[in-house]
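Here is the structure we will look at.
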Amino acid sequence: MIAFYARVSSEKQADRGTIQSQIDYARKWFELNNISEYRLYADDGITGTLPIAQRPQGSMLMADVKAGIIDTLYIYKLDRLGRNTRVILNGIYDLEKNKVVVKSMTEPFDTSSAAGRFMLTMLSGVAELERSNILERLSLGKGKALTQNKWVYGLPPYGYRLNDDSTLRIEEPEAETVKWIFNSYLNQKHTAMEIANLLTATNVP
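For any residue, its number in our numbering is found by taking its place in the sequence shown, counting from 1, and adding 10.
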């Protein structure tokens with residue numbers, strides 16, 4: 011049985027795509043190559059630094075591999091298997107150990123030949139380098155934003171809103187609630203649990 015594995019990490023901007031775009035590509039590829047029977051496995055929002063067997067759909071894939079159901083695994087691109095060389099090569103080793111051939115739909119390799127395995131090693135190194143570059147760019151971008159007093163860590167805290175330039179502005183009347191929380195606790199008027207219960211009772215998130 012042929013299988014296709016797709017993955018997108020939680021850093022979707024870095025991956026530049028979605029699970030569905032990979033699946034759509036695979037279905038069209040299989041159709042063009044007259045392959046009608048295959049299984050799909052897709053891990054959405056799962057980091058490529060985790061071993062395949064520790065991912066929800068990856069673990070299902072490996073269970074089917076060990077059961078002898080899968081003999082060929084297709085991927086859209088090698089970095090869908092992993093984002094560092096060790097994870098990729100260990101994954102390939104576990105698949106090959108169970109007599110599964112790994113092939114990429116967009117890269118010139120498959121593990122059924124010596125040349126393909128050599129290309130695989132090179133591409134796995136490129137995948138790790140690409141991830142390192144992405145993380146470095148993200149870190150530099152956040153550092154620059156912080157020096158400009160911009161908010162870079164997701165949703166703004168309660169009592170604030172984001173301006174168009176990513177700086178924070180105070181939001182009333184939420185700010186009054188925040189002041190009340192601090193004053194109540196610091197002046198020992200209420201315990202943290204009492205404050206939480208009061209906020210819940212008044213529908214404050």
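For each residue, glycine too, the CB sits at the ideal point set by N, CA and C.
None of the values given here were measured: they were computed from a predicted structure.
Does the Cβ-Cβ distance between residue i and residue j come in under 9 Å?
i	j	result
N108	G78	yes
R93	T116	no
I62	I12	no
Y15	Y51	yes
Roughly how many angstroms separate the alpha carbons of residue i and residue j, rounded to a whole number?
i	j	result
Y17	T59	Note that residue 17 is Arg in the sequence shown here, rather than Tyr. Computed Cα separation, rounded: 12 Å.
L165	N213	19 Å
D25	D34	Low confidence applies to D25: its pLDDT is 48, below 50, so where it sits in the model is not reliable, and the reading given next is rough at best. Approximately 16 Å between the Cα atoms of the pair.
L182	N173	According to the sequence displayed, residue 182 carries Glu and not Leu. Spanning the two alpha carbons is a distance of roughly 15 Å.
K76	E106	11 Å
A202	T187	14 Å
K22	L88	Here the model assigns K22 a pLDDT of 48, short of 50, so the residue's position is not dependable and the matter cannot be decided.
K38	R96	31 Å
W190	H200	11 Å
N43	A206	59 Å
E204	R171	27 Å
R65	N100	14 Å
I98	L91	6 Å
G55	Q30	12 Å
I102	P118	16 Å
G211	Y195	The sequence as given places Ala at residue 211; Gly does not occur at that position. Spanning the two alpha carbons is a distance of roughly 17 Å.
E41	L208	59 Å
V111	I45	16 Å
Taking C-alpha atoms, which residue in the options lies nearest to residue i?
i	options	result
P215	K113, R65, P167	P167
A36	K113, L99, A73	K113
Y48	L71, Q30, I29, P66	L71
A73	E184, T28, D104	D104
S176	I205, I102, W161	W161
F53	T28, N197, I45	Inspection of the sequence shows that residue 53 is occupied by Asp rather than by Phe. Among T28, N197, I45, the Cα nearest to that of D53 is on T28.
E184	L196, G169, S194	G169
Which term fits residue i, buried or exposed, when burial requires 16 or more other beta carbons within 10 angstroms of its beta carbon?
i	result
L83	buried
R179	exposed
Q32	buried
S19	buried
F192	exposed
Looking at residue i and the ligand NAD, is the gap between the Cβ and the nearest heavy atom below 8 Å?
i	result
P66	Of the ligands one can find in the structure shown there are none, so the ligand NAD has no counterpart to examine.
Inside the region 40-78 only - beta strand (DSSP E) runs reaching at least 3 residues: Along the length of the region 40-78, whole beta strand (DSSP E) runs at least 3 residues long occupy 48-54, reported in chain order.
What ranges does the alpha helix (DSSP H) occupy inside the region 71-120, keeping only unbroken runs of at least 4 residues that lie completely in it? Whole alpha helix (DSSP H) segments, 4+ residues: 95-107.
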